[in-house]
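First up is the structure itself, then whatever we jot down about it.
The following block contains the structure:
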């Protein structure tokens, strides 16, 4: 820019605005500017667009009579959510165990290879038991459910259903001080909280946007789904149930977890909007776009390709180093015990109060960079802590947990903790970038953590008090 | 009969109004204009959310939901539909 | 062989991202709700002898800074000055969609208006006279269906005409009331003196009259620092927008 003026003491842009203000103050100029444009476009349309039948235009909205009706609005929403979970669980079960067996079969050959070349035990430990296992865990546990959940979700989204959810639920968000569009950013959070934090830009008011950012963590993301699915299918449904019934009850448990998340979201919004983020709800406009038949195959292919790439990248970028670190921590001994055991023992008394154990808390701490690796870290921690179990498929995971004294309470509280605890590192960085405030970034980790601790403590205390465990 | 001017929030489902005034200023006014809530334009009241609010309106061939806070500030003449 | 920049602007739910994906072959997720595109995405495509850098702006109803999205879209068109601004409109609700096209045309004549979902509109019995609209707007107007790949070649031809300068645009100039026009006339020399001739003076004068503070903030940032990229979070093929 050819600008000698930029360095002037008195900012020339400011004086420009002052001049403009003087002119504008003379009359109702602003309104005329806006309606001027609208008038012209209405003129062009009446000139160039003809409608054969105005009634036909509303036809794509007929479905709204059901989907947003008093009677069916909420039941359809819940049933839809349940159905998505059910499809995910039912569909992911087998591919997950196939992948797990495949990886453990390959591991056998890797180990054989390492033995054949007389590689030192520590190298085999770091590379095969640490890096390879960690990575393959993330892939086999995460890939199948993600490749089903997200395409199904994307279909609903492309169809145009999500804005109807925002329409149905707005009253709840308004009562809690938030914005109806928060329902949309929450839906985005099912995929990835970090991306959802960026998507809160659609909320214009800074106050309501901050609420949406602070509470987005309470929607379980990509990285937490597998933990939730796995634990609920292992511990939450009765041992007697099998097949369809089992899948169905797992879906119900997941739905319960999501509803807990929504309840916490609304409650936190309510409290925040009456304390730190006081203010009048700002204006609200929401478009309900016409329903469009999604391009089914294209959506499925694109979305599952996207997700699998995503999972694979995260597995390599985050899970691999975490696997190595966990293995090292589990195999460097200080005073007869591994560092990992020392750490777990340190957290254990506190963790027991919350109905969990030291290894679980440690897995959550080490899992800060990405929620995907919490479960693998936990398993590696357990395995390196003596009870060396050879994993063949998913069935043996439960045995590992049971051998470490797990009960349904441990599983439930780990699920609750996973749902409520602080967002992952990437999300926190995004929150900092979006809010440009260290205070809010820190609060967005501390508030959920406080809630997670309180809730798990209360659940554990109640369960023990009533002798349920 | 067509003289009755009421806020959009008072209009019953199924009725159609011609917008006669918008008592909003600033950013929201502009947003409403952007969305087609312009004096002279007609608006059809489609339906209420299951929880009673917001309300969906049909305007310029699009469906826009507004809360009572906003729709009570937009006034229109009843030109058809509804029993109100 | 030169590369042209094409910015994709449009209301939410117009299928803008679908078109963007179709042209660039990218897998950017599309969704049927307002504000889906939150991060500016970039991709490339070529047509005949030219290559193009496509930039997907957030879907917005207007450019008048109601939200961060609108600011981002506006700043890109104003400051990055793409070779072509492609305005994607929804054929089934043209009246509202045209608002945005008119706002873009106030900034730049280097624009192509692309009416998407034309097959949907025909199904609903909407007839659109493209020639008339094009004549009024003074820029090329084409009808397409991004989903079903209808009219894409013709659209690319129009983009090429505008990019290469083969098409001489005479964008529609909205004449406002006497008061406003007088204000604009008074401000234009001052704007040109202060900001230079690089940015459209009439538009800036109009926004100043309207008291658009966020535009001024952007302007100031621009003037104190040279060439900061507007889109800070660009994903895609990693080509940042520079001229």
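Protein chains in written order, with the UniProt record's numbering: chain G, 1 to 469; chain Z, 1 to 84; chain D, 1 to 243. Ideal placement from N, C-alpha and C gives every residue a C-beta, glycine not left out. Quick caveat, the model's predicted, so the values are computed rather than measured.
- Neighbourhood of residue 150(D) in chain G, by CB distance below 7 angstroms: empty, with the nearest CB roughly 14 angstroms away.
- Using a CB distance cut-off of 9 angstroms, residue 382(G) does not count as an interface residue toward chain D.
- Annotated three-state conformation of residue 116(D) is strand, per DSSP.
- Of all residues in the stretch 186-210 of chain D, the ones placed with a Cβ closer than 7 angstroms to any Cβ belonging to chain G are 186, 187, 190, 191, 194, 196, 198, 206, 208, 209, 210, in chain order.
- In this structure, the alpha-carbon of residue 206(G) lies about 56 angstroms from that of residue 109(G).
- Within chain D, the residues placing a beta-carbon under 8 angstroms from that of residue 34(Z) are 61, 62, 64, 66, 96, 99, ordered along the chain.
- Bounds of the alpha helix (DSSP H) holding residue 457(G) are 438-465.
- A distance of 9 angstroms or more separates the beta carbons of residue 204(G) and residue 178(G).
- When the beta-carbon positions are compared, residue 284(G) and residue 35(Z) stay at least 9 angstroms from each other.
- The residue from 105(D), 201(D), 172(D), 141(D) with its alpha-carbon nearest to that of residue 116(D) is 141(D).
- By the neighbour-count criterion, in which 16 or more other beta carbons inside 10 Å mark a residue as buried, residue 229(G) falls on the buried side.
- The beta carbon of residue 188(D) sits closer than 7 angstroms to those of 201, 202, 205, all from its chain and outside the five residues before and after it, given in chain order.
- Annotation: the stretch 162-238 of chain D contains the following complete segments of the alpha helix (DSSP H) (minimum length 4 residues), in chain order: 178-195, 201-209, 213-224.
- Look at residue 21(G): its C-beta is not under 9 angstroms from any C-beta on chain Z.
- Taking one beta carbon from each stretch, the stretch 100-108 of chain D and the stretch 81-88 of chain D have 3 or more pairs nearer than 8 angstroms; the two touch.
- Between residue 20(Z) and residue 43(Z), the beta carbon gap of about 11 angstroms keeps them out of contact (Cβ cut-off 8 angstroms).
- Residue 151(G): member of the alpha helix (DSSP H) spanning 133-159, first to last residue.
- Within the same chain, and ignoring the five residues on either side of residue 124(G) in sequence, the residues whose Cβ sits closer than 6 angstroms to its Cβ are 114.
- A residue is called buried once 16 or more other Cβ atoms fall within 10 Å of its Cβ, and residue 144(G) is buried on that count.
- Between the stretch 242-258 of chain G and the stretch 297-310 of chain G there are fewer than three inter-stretch CB-CB distances shorter than 8 angstroms, so the stretches are not counted as touching.
- Residues of chain G with a Cβ closer than 9 angstroms to the Cβ of residue 74(Z) do not exist, since the nearest Cβ in that chain sits about 11 angstroms away.
- Bounds of the beta strand (DSSP E) holding residue 10(D) are 3-10.
- Of all residues in the stretch 134-163 of chain D, only 136, 137, 147 place a beta-carbon less than 8 angstroms from a beta-carbon of chain G.
- Taking every protein chain shown into account, the CB of residue 210(D) has 16 or more other CB atoms within 10 angstroms, so this residue is buried.
- DSSP places residue 77(Z) inside the beta strand (DSSP E), whose first and last residues are 74-80.
- Short of 7 angstroms from the beta carbon of residue 48(D), and not among the five residues preceding or following it, lie these beta carbons of its own chain, in chain order: 160.
- The beta-bridge partner set that DSSP reports for residue 87(D) consists of 9(D), 113(D).
- Looking at the DSSP output, residue 127(D) shares a beta bridge with 50(G).
- Residue 443(G) and residue 126(G) have their C-alpha atoms some 36 angstroms from each other.
- The three-state secondary structure of residue 50(D), taken from DSSP, is strand.
- In the DSSP assignment, residue 22(D) falls within the unbroken alpha helix (DSSP H) covering 16-24.
- With a threshold of 9 angstroms between beta carbons, residue 33(G) makes contact with chain D.
- Between the alpha carbons of residue 215(G) and residue 13(D) lies a gap of roughly 26 angstroms.
- A distance below 7 angstroms between beta-carbons, with the five flanking residues on each side excluded, links residue 151(G) to the following residues of its chain, in chain order: 299, 300, 303, 304.
- Chain-ordered, the chain Z residues with CB closer than 9 angstroms to the CB of residue 93(D) read 36, 60, 61, 62.
- Taken atom to atom, the span from the alpha-carbon of residue 155(G) to that of residue 17(D) is near 16 angstroms.
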